[in-house]
Structures are given as structure tokens and as C-alpha cells.
Amino acid sequence: MQQIEGGRISSFQVMCLLFLVRMTATTISFPFMIGHESPTDAWIGVAIGVAVSLVLLELIIQLGMKYPDMTIIQYSQVVLGRFPGKAIAFLLIWFWISDAALTIRALGAAITSSFMPETPILVFILLTVLLSANAARNGIEIVGRWGELVAIGVLVSGLVLVLPYRAMNFKNLMPVLPYGLAPHIKGSLTIIAFYMRLSIAWMIIPLAHNRKEVLRYSRYAVLLSGVLILGHAISLVTVFGSQATALAVPGFTLARQIFIGQFFERIETIPVSIWVLNAMVKVALDFWAAATGLSQVFGLQNFQPLAYPVGALAASFSMLFFESLVDLIQFTKHTWSIYSILLVIAIALILHLGSIIKNSNSRTIKPGNGHSDR
Amino acid sequence: MLKRLRKAIARKSRQFARLSRNKPFNNSQGRHTKRPLSEMLDVNEKRIRQAFGDSPDLVLRRIAIGKKGRINALVVHLKAMVDGEIVSGAIMKRIVDKTEGLSQPRMAYTNIRDRYLELTGIGEEHDFDNLLGEITSGNTCIIVDGVPKAIVCQVQGYAQRNISEPSTEATIRGSKEGFIESLPTNLSLLRRRIRNPRLRVEQYTLGEVSKTPVALLFIEGIANSRVTEEARRRLSQIRIDSIQESGQLEELIEDAPLSPFPTLLRTERPDRVTGNLLEGRIAILTDGSPFALIAPATFTMFLTAPEDYFERFYAGSVIRILRYLAFVLSLTLPTLYIAITTFHQELLPTPLILSIAAQRDRIPFPAVAEAALMEIVFEILREAGLRLPRIVGQAVSIIGALVIGEAALRAGLVSAAMIVVVALTGISSFATPIFSLGISIRLLRFPLMLLASTLGLFGILAGLAALSIHLFSLRSFGVPYTEPLTPFVAREQQDTVFRAPWWAMSKRPRFVGGQDDTRSAPGQVPEPPVLEEKEG
Amino acid sequence: MIPTRSTHVAAYVAIMAVLISLTSGCWNRREIETLGFVMAIGLDESPSGRIQLTVQFAKPGALAGGTEAAGRSEKPFWVSTVEGDTVFECFRHLGSVSTKRPYLQHNRFIIFGDELLKNKGLMPVIDFFNRDAEARLASQVLAVKGATAREYLQAEFEGASLPSEGEQGMLLYLETALGTISPLTFRELEDRMGSEGIEPIAVGVEVVPLKPDTSIKGELTREEVKSTARLGGTAVFKGDYLVGWLDEYETRGLNWILGKVKSTLMVFPQPGFEDRLATIEILRSTGNFKVEVRDDSIVASIHVDTIGNLGEVQEPVDFVKQPETWGQFEKGLEAAIKQEIMQTVTKLQALGADAIGFGQDIFRRKPKDWANIRGHWDDLFPTVKIHVQVKAKLRTPGMVLKSVKTR
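In the order they appear, the protein sequences are chains A, B and C.
Be aware that the first sequence starts at 0, since it is given in numbering that gives the first Met the number 0, and climbs by one per residue.
Be aware that the second sequence starts at 0, since it is given in numbering that gives the first Met the number 0, and climbs by one per residue.
Be aware that the third sequence starts at 0, since it is given in numbering that gives the first Met the number 0, and climbs by one per residue.
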């Protein structure tokens, strides 16, 4: 039967997905806060990061809007020709798979270090991969719907930032700029790096109902996540003071400080459950993008058979790449952030330039020749 | 394993289709082979007698009509299926009296057909097999010697139940009428509620042996034509020996045959059917079943009770939220008990957890076994309660409450907290208005309990996530099952968790209907009249 | 459509199968009845110089929902003590003396013995509580004065079945009604330890041995109620070592400065009668301080605002005839508060421990100045000049304006 909804997702769902893609790096692990050199005014770094990310977002989304009927896998081949285009496609697919591996591992590490230390991390990795790959296999519509609900949950879990009110001391936010701007520039890089994950929009844009709205909604996603990240940073500092930068899993530890009245405490499992779902949606989106991308590179009819293999790949990477939580944090903070910024910005610039040159040189090849949607 | 199962099902259905095409059930009477009626009355009589195997309830009344009784005629019906008074008064008497002056059989035939019978339901049949069908469905047929045709008089009359209050969907406010087993009566219940020619009824006869009448209902111009087309397609594909109940039909036409969730809504209530027809859905009524099927069904519909629409909207909304809560509780409460007592002992306040620990101290089983045991016992009690005769039912509930509850507690088999949990779960599961969803929830509880006992809350989380991915992937007649919660449709939130006042619900659901989506004129908020100044 | 759907179902079955097959081990699964709910943790230095851990377990059966036959004389808690080289090791050793696995999530108190704090300091014993997934950072920190934590954990409180509940109630009452303690959680303790220019403190407790004749014989009481405890005062640390104690009044002095006095009673000489006392009930107060770094000195100006009601006088007063005495009471109150504050600061300066956070204030408002002086703050703190300003307002004289007077 013909599907009435028609295999697409709404702009609102795009916003929710992009929002969730960014939030994992705050709720599950918060590399920005870990070891920050100037914790008392860390919010400055967040603000700078969000502002810069808004500008970079323009670069990312505008690229997608140039070829609104195609995914980046398709138009990179149109713009740059077959082989360079495929090279970029592979880079991005690798990026998504490795990014998924990073998230899966961070999730597993967070749960095992703070909730279930005796359970092997592999259990959580497999669980996440199975669920996410299953969702990815069902297609973007299902991931979109899932994301929609979870995003609302994550917004509600923003209460975690307020509920440890008894433990908050706003004087901890002083002094401002004791060590100058340098640590904040450094910190904002981490913030920006995780906003580069929004480049997954390159795969989603052709499937959005109303593509003109995508830019607006992705801006909302950046702002919304920015506010929440800011909230996390401020809440952590007001609650933990000098200890805020020492926590291995800041979000989870913050949730442990919830205290409502005399009765409700130790209910951190509830927000943490939502955050786990958040990470799962993000991983599902990564899987979906990688599987779709691969099927487009190889010209397959259907991406679905690739979902589980991609998941398996990510699961094994997540086990092989990192030795321990310390290793993971070091990698995320220092290697991955630079790598993701360079990769995404470089690809965006190359394709922008490529399309400008192409448009001025020849107008013979129409964009969107022969490549089917999905 | 499942794949094999699915293949087997497909193979069987193909075989069945072939079977029914080549070698139909109904003895030697194929569906499409035409056998015209004979001109000879004797031949016709013999063939009818043969077809029914000389059944004692077959009435073959030969009468002599026309001038001096020269024309032979045959009145045929099944004794138990017709209204005897009408047959003797309005058919037999009239035919004999009025045809006095006619000598030509053809004249007699046309006059009987067109003038003499004071009945509204008159038809004509040339084909012998169709004639048999008319007889079996309770019509009286008149065959005149020398005419290869038969007059069909609709004089069905058989015992049927009175319209009574629906037993599975009781309400406090709202209509107390429920469907019964008779399709014509059920249609009348709906026609009375929607007095509009646009209410279309399409009749199908399903079941190669049973020939059950099934009606497809929708409102032209409101229902989505793609949905009705799909329903027609699915109904006409059915090849089965009989349809005894709409549940059978449901399994044959639903979207997700292997899903634990129902994708068609089953209801006993005409007002629910009416409401859904007006939202652009279709309804399928089956003769012999007091349950109508509604499609496309979405998840929120299963948690809606008719009262929500008739009570004041505050009450309607709050009660509906309560029902959602009960739904969540009935699915997760025992699993939460297991997760909390075996993994997350920190979640409850200290005095409460200490009290549970004290109760659990003497229980010999692990929490999961305790919970599973009690849940199973409860399910048995419930099942037994349904099947037992009313009078014994009382005794069983006393035994259930006292023996299982109090005695098991005293014997140290289960903890008091567990009994509270089971009781709450049981009560909550009754708050689901549609029984078919309640059953799914009862089934899903057990795998979730297993998950909870392996990974605690994260197990429950994984289970619920898998369930929700499954829910998101479901569609009922092309409409996403979880619509309008997700994909989120802001406009339709008027009637999901909350119920907006009627004057605010001016649009019909978008996904479902899609043709004429104006329900009411906007701006109808009632206002008190402006009082004029009293003259002093 | 059918193939995809049934494979979804197949995927769920696969998930279930994987999970079930993986569940042969029990990992974090622990049935509730196998757990010993730890209500308080005590840490001491053992006679041989190692770490001694004392844990107070709740005995659920004796509390509620247990058998009636157990009787009321059963103690609702029991105490286990073990020795080890590290805290974690001690917890593992508990297994050899306790029938149940210690479960820390419901723990409310971490109690340190006097000797441990003086000789070993906090550092060697606190890390476990940070690192362990079960320990809660919201536990209250207590320091036992002149006794071991072990002795303290044997104490019982009338009216509360579990000692931790009794302590919790007393902490709350003292904090809100008297201000003679300055409660802080483990997280706040660590924040103080890790922050610039502030020293850790902890709530002081004392063990009060009960005389044998105070216990009533009979069915209602137990034979062995050895002691009860008294809360009040503050342990003052420098770095992570205990250096001294503030008594209850000095603690209140600290709370005035920090603005933490919610309600309390001030007793001071009644104006005009040096040997008689007036009592004023403080309703609320705010307090703050500001530290200024000048060229030659560092000046801390403390500002306290407070509102109270007259609660009791020992010599008759008549506000109808002599309304000017009202003002004298306010003055008297101001002086009394000021004196309490001065006493606290003097004591802390003598101990050389900046428990108020003068240094932190400089760091927060003048990070540049702090960079210059942080190296010799230990020397500078005792020289900080104090400037106290108290503004007290009295609301009502109570139900009478005039006292009863003997003729």
C-alpha cells in the first residue's frame, strides 16, 4: 500500500534529531567540563562555542540546501567527480561509524562506572547497538519519531539542572576570568567540535518535508542545546564548586544530587534513563546515515541489510579503540575534537568551493542526475 | 524460525487460494458457474430438495394458483429463518386470492412480483445457486411453473438478542446501547446516529461455507478514499470457509499480524463507531458478532473512552491522563518492583525500603520468581473468574482474595509489598478501555519482568525502547500507529492525552481522513448574553 | 511490508535471546534481603595505627513489618567494626564479620574519630566515598570530639528507632532553630578542601555516657543503652588535619558571618541590669562579609542584619512608660552578636584556619590580588583586621508590654 506519510520526516523532527545528536556529549559524558582550567566561569566558553557554532552551522546547512534533493554522498560525486566524491563519502561514513563507536563506548563507560560497575561493558554496548541498529533499519521515519519523543524527554530532564537546588551555591560562579580568556578559547573548541556532529544534517535534508525550514529549525536545535549545555556547566559549578572539573561522569553525578523535599532523593536513574535513550537515538542516526551512505556509494537498492553490519562494526570499534575511561576522555578531548572540526569544515569548504567553480564553469550537468532518493 | 513460519503461512494461504478457486467447498456449486433455473417446476423442486438433502426445516409448499388453480407454484423457505406470520399472511394468502383471474403463468408471475405482494423487499433470481443462497439467508422464494425465474421475498425472521448495554465497555455517561449479533440491527443503530445518505454501507459475503454477511461502512467525503480502497482490497482477498466473529476477520486483514499490538480497534459501542466514522475512519461489521472493527486504528484510540467526550473537558482530560498512568503502571509496575528490589534499592525512601527488606527477609524466592508467581496466579484467577458461572464467581473471588492474598502472605510465600503491586497492576490493567490492548499489555509484562531481573531499570529501558521502536514502525491502513504523538501533529493534540472542549476541536484528524477536515465552525465558544441596563 | 515487519519481531526475539543468554552471571544483581543497609559509617585510627571502620547497619526485621514475636527489646541496628589498611579494604573485610553485604546508598552520615583527624588527616580516608558508585556525596559529615566514631555509633536516641533518624532530626532542628551547628555534606567538605582560601569544617558531636540508673528496668527498655550523643560545635581543619574546635557559641558566630543563622536565641545582659539576662528570639538574619586588600593590611568587614522578638526578661520592663528601653534592647542585641562574631574570628585566627573563607572572597572578587597573596595566606590570615557591623531590629515584645512586678 502506498504510505500516506511518504518516507519523510518533519522539520520538527529534524530539530529534535540534531538536538539529540549534540546533547549526548553533555548528558552522557561532558568532555568540556572534565579538566576545564577555569571552571568558575566556564559558561563563557560555552557561549563562545555556541555563537561560533551558529556561524559554522550556516556553512554546513547552506551546503545541503544547494543540493536539496541529494545527500552529501550523492552531490559530492556530482560536484567533485566520481573518485574524489567517493573519497569524501568514505571519510564521512567512517566519521559516522567511528562517532557512533565513541558514543557507544562513552555510554557504556558511564553506566558501568556509575551504576553497574560489576556488569561487563559489552552488555551495554551490545544492547545499545542492537536497539539502535534495529531503529536505523526501520528507516529515518522511525528514528525521527523516536527522536521526537526522546527529545521532549531530554528537555524535561533539564529539571536535573534545577532540582539539586539545595546543593547550589551561586557564589561558586565567581571569579570571572581569573585566568583570562585562553582557557575559554580552548574550552569553546570542545563545544564547537561536538556541534560538528550536526553535519549529519547533510544526510537528512533531502528527506525533510519542508526543506526551507531546515535551516531555521537547526538553528533552534543549536540554541536549545546551547542553553542546556550552559545550564549543565553552571549547575555543575554551583553544585560541585572546585570539584566540578574532577568528575568522570559529570551529568550522572549531577543527577545524583537531586533532592526534592525530604522524600525524593537518589532518583538519578530516571533522568539517566532518558539520557541513555538520547545516546541510543544518536547512535541510531549514525547507523542510519552510514548504512544509507554506503548503499548510495555502492549503488544498492536498499540500505536496510547494512544496518546491522554497520552496528557490528561500530560495536567492535568501540571495544577496540579505547582501553579505559581515561583513554576515552583523553581521546575525546584532545584528538577527536580537533579531528572532527577539521574534517567537517574542510569537507564543507571543499564542496562549497567545488560547487561555485562548477557553476561558473559549466552549466551542462544538472544537479541531481540519476541518483534516486535513498 | 519466524521467517520459516511466515513462509509457511504464505504457502498455506496460496494453497488455500488455489483450493478455493479450483475446488470450491460448497459441494459441487462453484462460485462462478451459472446454472439457470429450469422452466419445469418439478425439476426445480427436485434440485432444491437435493441441494438441502431433504432437510426437515426446509419448507417446500406447492400451491395451486391462477384461474381454477391451474398454475402450480412453489413457495420455498427455511422454517427457522423466516417470519411465519408474514409468509402466510402477506405472501400465501395474497398469491392465492389475487391470482384468481389469471391463466398465464408469466402474467401470474409478473403480477405477483409487481402488484400483489405487499412487501418492500422483493427481488428476482435467475440463477439456481444464487437462489439457494437466498434461501439460506432466510428469504422466501416463489417459483411459478413455466417461468425460469424466482421471486425472492425478504421476510427474514429469527430469534435475536435484545439490544443491551455493552458488557466490555461500560460507561456512566453516554449511550447505553451496544451492538448485538445481528447485522441489520447493528446497521440500524448506526443509521440512527448518522442520518445522512453519505454514510455508505458496502456488503460482502465472506466465508465459502458460512456465507457470513460483512458490512464495510464509511462516510463518503470524509473518509480517505485510499483507506476505503485498501479496506475493500483486504476484504475481497479473504478466502476462508467461515467467519464466525470479527476477531477472525481482524486477524485476516490487520497490518501487523505478528505484532502484539492490535492495529484494528474492536468495539461494542455504536457511539464509538459513529465518532470514528465522523473522524474519517472506516468500520467493518460482521453478522454474528457484536464487535465492530475500526480502522485505521492509532495507539491513542485504545486509551480513549466515550465518556471523555461527554463529560466536561476538564474531567475528560484528567480521567484520560489517569488512564494513561494506569496503562503505564499495568505494564511496568511488577517490573519496577523487581528492578528496585534487586538492582536499585536506592530509589525508594529509606523507611520504605527497610520495610520491604524486612518483608522480603523470609521469602524463599528471588524477587523475579515471587513476582512472576503472583502475576501468573492473578492471571489464572482472572481467567477463572471470567469462565465460571456467575454464582460460583463470588466464591472464587473470595478464595482468591483471602487464600491467595492473606494466606500466601502469612505462609511467607510472598511479601505484602508484592501483593500490593500485583493488586495495583491488576486494577490498572482494567482501566484500559479496549480489551484487546489490555491483553497485549498482560502478555508483554512477562518478558519485561525477565529483562528487569537481568539488567534492572536498564533492562526495562531496553525493553521499552524496543517496544517503542516497534510501535513507531507500525501502521494501520497506512496511518502511523503512534500518530499524532509522534510524528508530532500539534493540531491533533486536542484529542490525545488531553481532550479539548468541543468548540475548540474544529478540525478532524489530518492523517486519517484528509478530505473534508472541518468538524465544526470555529469561534463557537459559548458566551452569556450581554445584559441590558435595567431601567430604573 | 510483511518481510520488514516480521524481521523486526525477529530482532526483538534476538535481543531477548542475547540478553537471556548473557544473564548467566548475576553482575549487579542483589536481592534486597541479602543487603545490609548502612545507616552511618565511622572511621577511626585503630590502636595499631591502621584504619578502623565501624558501620551501623539497620536491622529491618526489628523496625517495621517484621515478626511481632521479635519483641521490642531488639535493637533496630547493629554495629560492626573492622580494621584494614585502606577504607575499601575495610569494607571488604566487613564480609568476615557481617552476615549481609554492606549497601551504602542509604547511608546518611560519615563520622570521623578525633584521633584519626588529628593523626592521619582526611586525605587517606575520603577518596573511597568519592570514587565508589554506591556512596552518596550528600552524606553529612560529623567529627567526634574526644571519642572514637565507634563509640559514637553505639549511641542511641530516644524517640527515634534508628540513630541516623535521630541525628537527622537533631541536625535539622539545630540548624533551623539554634544555629549552633554548621552542617555540611561530604560534597561541600570536598569543595572546601579543593577551593582556594577556605578550610574544611565538620559538625562536632560528643558522646554522652548514660549513668546506669537512668535506664528504667522493665519491658520497655533495653539493658544496654550505653550512651547517647550530643550535637553542637564545629571541628576546624587546616588542610585536611583537625586543628581545633569551635564551641556552640563560636559556631553560631561563624553562622552569623556566613548568613546561615535561620532562627536562634540570644541571651545577653538585660539593659540596665548587669546581673539579669534578657532573651531574644531571632527570627531571621542575613550576613555577609567583604574582604579588602589594602596596601598595609587586609580588612574584613562583616555585616549582619537581624530581626527578632523579645522572648524573656528577668527584671521587669515597661515599654509603655519607658519606650526608650526598646532601643536599648536592640543595642544590647547588636553588641552581643558582635561579641560572638569577634570571638569566633579571634579563635579561628588563633588556630590559623580560615574556615570562613576570607581568602576565597578575595579570590572570587579580586583574583589578581589573590594570586599575589595566596602563597602566604597562612601568615596573613591571623592579621586580618575585622570590622563588624550589626543591625538588629526588634519586632514585638511578645504578648505583654509590661512585666509583672512584685509589690
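Glycine included, each C-beta is placed from N, C-alpha and C at the ideal position.
If you're wondering where the values come from, they're calculated on a predicted model, not measured in any experiment.
Contact check, residue i vs residue j, beta carbons under 8 Å
{"i": "T262(B)", "j": "A296(B)", "result": "yes"}
{"i": "S226(C)", "j": "L253(C)", "result": "no"}
{"i": "Y323(B)", "j": "V420(B)", "result": "no"}
{"i": "R363(C)", "j": "M167(A)", "result": "no"}
{"i": "V45(A)", "j": "L229(A)", "result": "yes"}
{"i": "V206(C)", "j": "E150(C)", "result": "yes"}
{"i": "R61(B)", "j": "L77(B)", "result": "no"}
{"i": "L106(A)", "j": "T127(A)", "result": "yes"}
{"i": "K384(C)", "j": "S296(C)", "result": "yes"}
Which of helix, strand or coil DSSP assigns to residue i
{"i": "K289(C)", "result": "strand"}
{"i": "A461(B)", "result": "helix"}
{"i": "D128(B)", "result": "helix"}
{"i": "N25(B)", "result": "With a pLDDT of only 42 at N25(B), under the threshold of 50, the placement of this residue in the model should not be trusted; the figure read from the coordinates follows. N25(B) falls in the coil class under three-state DSSP."}
{"i": "F36(C)", "result": "strand"}
{"i": "H231(A)", "result": "helix"}
{"i": "T175(C)", "result": "helix"}
{"i": "W201(A)", "result": "helix"}
{"i": "Q103(B)", "result": "coil"}
{"i": "H92(C)", "result": "helix"}
{"i": "H386(C)", "result": "strand"}
{"i": "V344(C)", "result": "helix"}
Local Cβ density within 10 Å of residue i, reported as buried at 16 or more and exposed below that
{"i": "I367(C)", "result": "Per the sequence shown, the amino acid found at residue 367(C) is Lys instead of Ile. K367(C) is exposed by the Cβ-count criterion."}
{"i": "T405(C)", "result": "exposed"}
{"i": "P104(B)", "result": "buried"}
{"i": "N43(B)", "result": "buried"}
{"i": "N133(A)", "result": "buried"}
{"i": "N118(C)", "result": "exposed"}
{"i": "K144(C)", "result": "buried"}
{"i": "I355(A)", "result": "exposed"}
{"i": "V399(C)", "result": "exposed"}
{"i": "K45(B)", "result": "exposed"}
{"i": "P432(B)", "result": "buried"}
{"i": "N171(A)", "result": "buried"}
{"i": "P249(A)", "result": "buried"}
Under 7 Å from the C-beta of residue i: neighbouring residues of chain B
{"i": "T268(A)", "result": "H343, L346 and L456"}
{"i": "Q303(A)", "result": "Those do not exist, as Q303(A) stays about 12 Å from chain B at its closest Cβ, beyond 7 Å."}
Neighbouring residues, chain B, relative to residue i (Cβ below 8 Å)
{"i": "N435(C)", "result": "Lying outside 0 to 406, the shown extent of chain C, residue 435(C) is not represented and no answer is given."}
{"i": "E30(C)", "result": "T340, T341, R359, P365 and A366"}
Proximal residues of chain A, C-beta to C-beta of residue i below 8 Å
{"i": "I468(B)", "result": "L130, N133, A134, N137, I141 and W145"}
{"i": "Q104(C)", "result": "R265"}
{"i": "P388(B)", "result": "Those do not exist, as P388(B) stays about 46 Å from chain A at its closest Cβ, beyond 8 Å."}
Residues that residue i contacts on chain C, provided the C-beta gap is smaller than 7 Å
{"i": "M115(A)", "result": "W26 and N27"}
Cross-chain neighbours of residue i in chain B, by beta carbon under 9 Å
{"i": "F262(A)", "result": "P348"}
{"i": "L148(A)", "result": "S467, F471, T481, L484, T485 and F487"}
Chain-ordered chain F contacts of residue i [CB-CB under 7 Å]
{"i": "L126(A)", "result": "The structure shown contains no chain F; the protein chains it does contain are A, B and C."}
Within chain C, the residues that residue i reaches when beta carbons sit closer than 8 Å
{"i": "I397(B)", "result": "Correct list: empty, because the minimum Cβ distance to chain C is about 26 Å."}
Amino acids of chain A, ordered along the chain, whose beta-carbon sits closer than 7 Å to that of residue i
{"i": "A464(B)", "result": "L130, L276 and M279"}
Which residues, in chain order, does the region 185-199 of chain C contribute to contact with chain A at a C-beta distance below 7 Å? Sequence-ordered contacts of the region 185-199 of chain C with chain A read R186, E189, D190, G193 and S194 [C-beta pairs closer than 7 Å].
Taking only beta carbons into account, state which residues of the region 165-189 of chain A come closer than 7 Å to chain C, listed in chain order. Those residues of the region 165-189 of chain A that come within reach of chain C (Cβ to Cβ, closer than 7 Å) are A166, K170, M173, P174 and P177.
Output, in sequence order along the chain, the residues in the region 355-376 of chain B whose CB is closer than 9 Å to any CB in chain C. I355, A356, A357, Q358, R359, D360, R361, I362, P365 and A366
Where the region 246-264 of chain C meets chain B: residues whose CB sits under 8 Å from a CB there: none
Under 8 Å, CB to CB, which of the residues in the region 233-262 of chain A have a partner in chain C? V238, F239, G240, S241, Q242, A245, T252, R255, Q256 and F258
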